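Novice: Just dropping this structure here.
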Amino acid sequence: MKTQCYGNLQSAYSRKNENWRDYLDAYNAVLRETERNYSKEMEQLHQKQFDSLPEEKKYKGERTVEELLQDLAEGKDLSEAEREYVKIFANLKGAEKAQQKAELKNSFSDEFAKELESIGIFREDIEGMQVRIGSNGTVTVDGIEEEAVRKQVEKLVEKKYSDKMYRYYIGITDSVGNLSYNAYRYATDIQEVRRYLKGVTGEDISLEDLYMMPDGKIGGLPKKADNLINNTKNNAKTEQMREALQNIIGNIRISGDLGIPDFTSQFQFMDGVFSIVDSGFSVNMDALDGRLTPKSSGDVYSDMYRYRFKKVL
């Protein structure tokens with residue numbers, strides 16, 4: 001039914017049939033119905049999974065999944081029944097986010113503090129500090145009075161923890177996590193490529209100056225990076241960076257005057273533990289997303305219903 005309605009819509013729109021909006025309304029109705037049915041099926045599946053649990057593992061409390069997830073994010077212990085309940089009924093993305101928050105607050109903060117203690121720096125010495133990791137990987141630490149201590153902390157983050165902290169940041173922050181697929185990939189590609197190129201060349205490369213050459217190679221790179229990116233074969237990391245660069249160059253042309261979606265991974269150390277500070281983006285991400293996914297007035301896609309479960313369409 002859905003495939004037929006979409007085919008009718010495409011056919012009517014391509015033939016400039018004046019009634020193409022009627023076909024769009026019919027397709028949107030099918031999408032809404034499909035979404036409702038899928039939601040019901042998921043609810044029934046979750047309930048079946050819950051009912052199949054041993055009686056002692058069935059959660060009988062009154063707290064919501066959201067409240068239990070908040071406890072999980074704060075590092076509080078959940079009972080076995082509560083964990084099973086969250087596992088079944090929580091959104092996977094929400095559960096992963098809560099788990100990362102708990103790791104950052106507990107195991108990561110403890111590991112970081114113990115590493116500093118081994119060189120004579122204690123939690124009270126870094127209380128209130130802010131750590132910022134730029135898109136090129138540059139680490140800046142503020143809020144520590146003693147310059148020698150501040151530099152040692154910066155060195156430790158740069159040497160051992162910056163990548164892991166960046167992963168926590170993109171996994172926890174709403175500004176990154178709530179992006180559409182295209183915008184998320186663009187923003188994270190920027191981070192990955194900038195770090196990689198700086199590691200290779202020792203300098204910051206202006207991504208706006210790069211371009212695609214007729215032979216498919218990437219122009220505008222410094223010699224060392226040029227040879228590595230354009231001539232290396234059968235290397236997964238290099239191929240990943242080459243593909244990311246191709247996507248970035250294309251997206252820069254599309255985004256135009258809006259600029260590049262830069263962000264800084266920001267953390268604060270308070271009450272002896274790390275937490276995320278969502279610093280947002282340097283550009284208007286809603287406007288940028290509109291460029292990456294054009295929705296022109298009167299276009300067949302501008303009024304198409306946004307189905308929530310794209311992976312099962």
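Using the working numbering, the letters of the sequence shown map in sequence onto residues 1 to 313. For glycine and all other residues, C-beta sits at the position ideal for the given N, C-alpha and C. Since the model is a prediction, treat every value here as computed from it, not as a measurement.
1) Quick one: Cα of residue 53 to Cα of residue 189, how far?
2) Along the chain, where does the alpha helix (DSSP H) containing residue 170 start, and where does it finish?
3) Once the 5 residues before and after residue 281 are set aside, which same chain residues still bring their CB inside 8 Å of it?
4) Can you tell me whether DSSP reads residue 157 as helix, strand or coil?
5) Keeping to the same chain, check which residues put their C-beta closer than 6 Å to that of residue 168; ignore five residues upstream and five downstream.
6) Secondary structure at residue 184, three-state DSSP: helix, strand or coil?
7) Spell out a yes or no on whether the segment 133-143 and the segment 74-82 are touching, meaning 3 or more CB-CB pairs, one atom from each, closer than 8 Å.
8) Hey, how far is the Cα of residue 111 from the Cα of residue 266?
9) In chain order, what are the residue ranges of uninterrupted alpha helix (DSSP H) at least 4 long that sit wholly in the segment 189-264?
10) Taking C-alpha atoms, which residue in 164, 223 and 127 lies nearest to residue 273?
11) Mark residue 18 as exposed unless 16 or more other C-beta atoms lie within 10 angstroms of its C-beta, in which case mark it buried.
12) Using the Cα positions of residue 178 and residue 156, report the straight-line distance between them to the nearest angstrom.
Specialist: Let me spell this out:
1) Here residue 53 refers to the residue found at position 53 when the sequence shown is read from its first residue. Here residue 189 refers to the residue found at position 189 when the sequence shown is read from its first residue. Distance between the alpha carbons of residue 53 and residue 189: 42 Å.
2) Indexing the sequence shown from 1 puts residue 170 at position 170. Note, residue 170: alpha helix (DSSP H), 162-172.
3) The sequence position of residue 281 within the sequence shown is 281, counting from 1. Taken in chain order, the residues that qualify are 175, 187, 261, 262 and 263.
4) Taking the sequence shown and counting its residues from 1, one reaches residue 157 at position 157. Correct three-state label for residue 157: helix.
5) In the sequence shown, residue 168 corresponds to position 168, counting from 1. The beta carbon of residue 168 sits closer than 6 Å to the beta carbons of 100 and 104 from its chain, once the five residues preceding and following it are set aside; these are given in chain order.
6) On the sequence shown, position 184 is the one that residue 184 refers to. For residue 184, the secondary structure class from DSSP, reduced to helix, strand or coil, is helix.
7) no
8) Against the sequence shown, residue 111 aligns to sequence position 111. Against the sequence shown, residue 266 aligns to sequence position 266. Going from the Cα of residue 111 to the Cα of residue 266 covers about 19 Å.
9) 223-231 and 236-255
10) Start at 1 with the first residue of the sequence shown, and residue 273 comes out as number 273. Per the Cα distances, 127.
11) In the sequence shown, counting from the first residue as 1, residue 18 sits at position 18. Exposed is the call here.
12) Mapped onto the sequence shown, residue 178 falls at position 178. Mapped onto the sequence shown, residue 156 falls at position 156. So the two alpha carbons sit approximately 30 Å from each other.
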